[in-house]
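Notes follow once the structure below has been shown.
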Amino acid sequence: AAGVIQSPRHLIKEKRETATLKCYPIPRHDTVYWYQQGPGQDPQFLISFYEKMQSDKGSIPDRFSAQQFSDYHSELNMSSLELGDSALYFCASRRTGEGKLFFGSGTQLSVL
Amino acid sequence: EDKVVQSPLSLVVHEGDTVTLNCSYEVTNFRSLLWYKQEKKAPTFLFMLTSSGIEKKSGRLSSILDKKELFSILNITATQTGDSAVYLCAPTSNTGKLIFGQGTTLQVKP
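The listed protein sequences correspond, in order, to chains S and P.
Heads up: the first sequence is residues 21 to 132, going by the numbering used here.
Heads up: the second sequence is residues 1270 to 1379, going by the numbering used here.
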């Protein structure tokens, strides 16, 4: 069965650089969620999209932005990267009316 | 502010033991509660609970929700080394987002 696809799997950037993370939800899933998980931390909700519109916003820094496209994939854009942005970034998707979220394998971002 | 507290934070048992993981929550506009298992990377779905008192079972795992006491437990019987993981409790609000607890790190020794 198709799962949530995230790319890249790993990303190494330097401070003040930009990064773009991509998420391809499970087919027919219309809602996408982004989470950030620091080492030894629980996942923190960043932002979500439903039908290409932002549906909820969590602890996403102003340096980050995200959007959902017409094919339902989503991109998380991160600018002016800081050391503290090093984390595992998960995308999750679900279909409206179904409660289960399914997670991608995550993008491991390292900021040097 | 939404809050999820899991206990214990870590647990070491031997194969064959039974464990009970606890999750208490305070979430505005609560919709359901999900349990996930996280090994190396992505959390994998275990259970979704929406009604109080109805036990969900999957093999050696079972879970139940108490919406009055704002509490859920996850039981694992006859534990195996492959059960070693972080178990995350995540209530959802009406927007569908998950609010994660700190997780319980379970280590099952041979």
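Glycine residues also receive a C-beta, built at the ideal position from the N, C-alpha and C atoms.
### Task
Give the secondary structure of S/D76 by DSSP, where H, G and I count as helix, E and B as strand, and everything else as coil.
Translated into the one-based positions of the first sequence, residue 76 of chain S becomes position 56. When DSSP states are grouped into helix, strand and coil, S/D76 belongs to the strand group.
### Task
For S/S51, decide whether its Cβ has a neighbour in chain P, counting only Cβ atoms nearer than 8 Å.
Here residue 51 of chain S is taken as the residue at index 31 of the first sequence, counted from 1. Residue identity differs from the one stated: residue 51 of chain S is Thr in this sequence, not Ser. Chain P contact via Cβ: present.
### Query
In the DSSP assignment, what residue or residues form a beta bridge with P/A1359?
Stepping through the second sequence from its first residue, residue 1359 of chain P is reached at position 90. Answer is P/L1303, bridged to P/A1359.
### Query
What's the gap between the Cα of P/L1339 and the Cα of P/R1300?
For this step, residue 1339 of chain P is matched to residue 70 along the second sequence. For this step, residue 1300 of chain P is matched to residue 31 along the second sequence. Cα to Cα, P/L1339 sits roughly 12 Å from P/R1300.
### Endpoints, the beta strand (DSSP E) within which S/F84 is located
Start at 1 with the first residue of the first sequence, and residue 84 of chain S comes out as number 64. Its beta strand (DSSP E) spans residues 84 to 88.
#### Entry: Closer than 8 Å to chain P by CB, S/P63
In the first sequence, residue 63 of chain S corresponds to position 43, counting from 1. Output row for S/P63: interface = yes.
#### Entry: For P/I1342, the first and last residue of its enclosing beta strand (DSSP E)
On the second sequence, residue 1342 of chain P is found 73 positions in, with the first residue counted as 1. Here the beta strand (DSSP E) through P/I1342 covers 1340 to 1345.
### Query
Thinking C-alpha only, which one of P/A1311, P/F1316, P/V1274 is nearest P/S1327?
Here residue 1327 of chain P is taken as the residue at index 58 of the second sequence, counted from 1. P/S1327 has its Cα closest to that of P/F1316, out of P/A1311, P/F1316, P/V1274.
#### Entry: Beta carbon proximity, S/K120 to chain P, threshold 8 Å
Indexing the first sequence from 1 puts residue 120 of chain S at position 100. Cβ-Cβ to chain P under 8 Å: yes for S/K120.
### Query
Helix or strand or just coil, what does DSSP make of P/T1350?
Here the question's residue 1350 of chain P lines up with position 81 in the second sequence. Residue state, collapsed to three classes: helix.
### Query
If we cut at 8 Å on Cβ distances, does P/P1312 have a partner in chain S?
Numbered from 1 along the second sequence, position 43 holds the residue referred to as residue 1312 of chain P. Cβ-Cβ to chain S under 8 Å: yes for P/P1312.
### Query
Buried or exposed: which applies to S/A39, given that a residue is buried once 16 or more other Cβ atoms fall within 10 Å of its Cβ?
By one-based count along the first sequence, residue 39 of chain S stands at place 19. It is buried - the Cβ of S/A39 has at least 16 other Cβ atoms within 10 Å.
### Task
With 9 Å as the limit, tell me which residues of the segment 103 to 114 of chain S have their beta carbon closer than that to any beta carbon of chain P; keep them in chain order.
L108, F110, A112, R114
### Task
Quick one: list the residues of chain S neighbouring P/Q1376, beta-carbon separation under 8 Å, in chain order.
Within the second sequence, residue 1376 of chain P is the residue found at index 107, counting from 1. None at all; the shortest Cβ gap to chain S is about 15 Å.
### Query
For S/Y109, which of P/G1285, P/D1352, P/A1311, P/N1344 has the nearest alpha-carbon?
As a working note, residue 109 of chain S is residue 89 in the first sequence. Minimum Cα distance to S/Y109 is reached at P/A1311.
### Query
Mapping DSSP to helix, strand and coil, what is S/D105?
Walking along the first sequence from the start, residue 105 of chain S turns up at place 85. In this structure, S/D105 counts as helix in the three-state DSSP scheme.
### Query
Would you say S/G126 faces chain P, with C-beta separation under 8 Å as the test?
Counting from one through the first sequence, the residue named residue 126 of chain S turns up at place 106. So yes, S/G126 belongs to the interface.
### Task
Using a Cβ cut-off of 8 Å (strictly closer), state whether P/L1303 contacts chain S.
Stepping through the second sequence from its first residue, residue 1303 of chain P is reached at position 34. Taking CB atoms only, P/L1303 has a neighbour in chain S less than 8 Å away.
### Query
By how many angstroms is the C-alpha of P/Y1305 removed from the C-alpha of P/E1349?
Position 80 of the second sequence, counting from 1, holds the residue named residue 1349 of chain P. Position 36 of the second sequence, counting from 1, holds the residue named residue 1305 of chain P. It should be noted that the sequence gives Gln, not Glu, for residue 1349 of chain P. Rounded to the nearest angstrom, the two C-alpha atoms are 17 Å apart.
### Query
Anyone know if the C-beta pair for S/R48 and S/R115 falls short of 8 Å?
Here the question's residue 48 of chain S lines up with position 28 in the first sequence. Here the question's residue 115 of chain S lines up with position 95 in the first sequence. Contact: yes.
### Query
In terms of alpha-carbon separation, which member of S/S27, S/F123, S/K33 lies closest to S/L103?
Taking the first sequence and counting its residues from 1, one reaches residue 103 of chain S at position 83. Of the candidates S/S27, S/F123, S/K33, the one whose C-alpha sits nearest the C-alpha of S/L103 is S/K33.
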